[in-house]
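Heads up: the structure comes next, in structure tokens.
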Amino acid sequence: MKKDIRKQYAGMADGYDLTIRQLIPKYDHIMKRMASFLPYDKNQAIDILDIGCGTGNLAFLLKKKFFYSNITCIDPTDKMIKYAKQKLSVFPGIKYVKSMVQDFKFNEKYDAVLVSMVFQNLRNKRQKMSIYRKICKSLKQDGMFLMFGPVLGSNDFVEEYYMKHWSAFIQKSFNKEKTEGGWLATYREKDGPDKFLDEISMLQKSGFKTVDVVYKDNNLALFVMVK
Numbered sequence: 014m015k016k017d018i019r020k021q022y023a024g025m026a027d028g029y030d031l032t033i034r035q036l037i038p039k040y041d042h043i044m045k046r047m048a049s050f051l052p053y054d055k056n057q058a059i060d061i062l063d064i065g066c067g068t069g070n071l072a073f074l075l076k077k078k079f080f081y082s083n084i085t086c087i088d089p090t091d092k093m094i095k096y097a098k099q100k101l102s103v104f105p106g107i108k109y110v111k112s113m114v115q116d117f118k119f120n121e122k123y124d125a126v127l128v129s130m131v132f133q134n135l136r137n138k139r140q141k142m143s144i145y146r147k148i149c150k151s152l153k154q155d156g157m158f159l160m161f162g163p164v165l166g167s168n169d170f171v172e173e174y175y176m177k178h179w180s181a182f183i184q185k186s187f188n189k190e191k192t193e194g195g196w197l198a199t200y201r202e203k204d205g206p207d208k209f210l211d212e213i214s215m216l217q218k219s220g221f222k223t224v225d226v227v228y229k230d231n232n233l234a235l236f237v238m239v240k
């Protein structure tokens, strides 16, 4: 499973910045919202963990807002980290770690942990909750955990509605065969998102003081947790 995920994302790395925008509606808006949601002073040297940093799109926005921040970027692939280093080369205070999220050692304390399009790769709920708890413990008091990704509909009708609209968006960039037989087939086969309310329940049981949702567009949701 880990090897498959690494291979999948390594294969996407060269064209990732275009592809992610072809797959995720309002991707840039969501990344900007995640960066802007953090309530800290722009001159504060906050400690941030960016899980699944990809090519560094979110870290770039975070550094533009919080220049003096210290960001740890983790990603399971060398290629993604290579592109992130290139994109973020103008900024100081960035550390890179090659790791799957389930293997990462949460040994430091953070003001904020952010993750985009990662946890749908984890099909095991116990493992997912274990990582949520580790993230909560790694946060400083009143620290924030922002998580963006897909969720399942509460029933088959809602899920079918979600997938119909997601497919229509992806087909603006790819033909129907590539969309249904490629991207969405891979999503259905390999990814394991949870139902929206189940996700909230797991987060509430992981030690966070508050759990909220500040953005939702069909099957894509941005959760915000405070320790």
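Count the sequence shown with this note's numbering and you get residues 14 to 240, in order.
Heads up, the beta-carbon is just placed ideally off N, CA and C, and yes, glycines get one too.
No experiment lies behind these values; they were computed from the predicted model shown.
- Rounded to whole angstroms, the separation of the alpha carbons of I84 and Q154 is 18 Å.
- Put simply, the backbone Cα of K141 is about 7 Å away from that of F132.
- Between the segment 68-76 and the segment 214-229, the count of Cβ pairs shorter than 8 Å is below three; the stretches do not touch.
- Assigned with DSSP and collapsed to three states, C149 falls in helix.
- DSSP lists M160, V226 as the beta-bridge partner residues of F236.
- The continuous alpha helix (DSSP H) containing T32 extends over residues 29-36.
- Per DSSP, reduced to three states, the secondary structure at S167 is coil, with no helix or strand assignment.
- Contact check for F79 against I64 fails: the beta carbons are separated by 8 Å or more.
- Taken in chain order, the complete beta strand (DSSP E) segments of 3 residues or longer contained in the segment 90-153 are 107-111, 123-129.
- If the five residues before and after D230 are omitted, its C-beta is found closer than 8 Å to the C-beta atoms of P38, K39, all from its own chain and listed in chain order.
- By the 16-neighbour rule on beta-carbons within 10 angstroms, L210 is exposed.
- Remark: C-beta atoms of N232 and V164 approach each other more closely than 8 Å.
- In the three-state reduction of the DSSP assignment, D204 falls in the coil class.
- The alpha carbon of I213 has as its nearest neighbour, out of L101, M238, T199, K76, the alpha carbon of M238.
- Only residues of its own chain outside the window of five on either side were considered, and among them G69, A72, F73, K76, I107 have a CB closer than 7 Å to the CB of L101, listed in chain order.
- Annotation: N56 is outside any alpha helix (DSSP H) and is labelled neither H nor E by DSSP.
- Within 10 angstroms of the beta-carbon of F236 lie 16 or more other beta-carbons, which makes it buried.
- Bounds of the beta strand (DSSP E) holding N83 are 83-88.
- Take the alpha-carbon of S151 and the one of K92: they are about 27 Å apart.
- Per DSSP, the continuous alpha helix (DSSP H) segment holding S49 begins and ends at 40-50.
- Take the alpha-carbon of N137 and the one of K191: they are about 28 Å apart.
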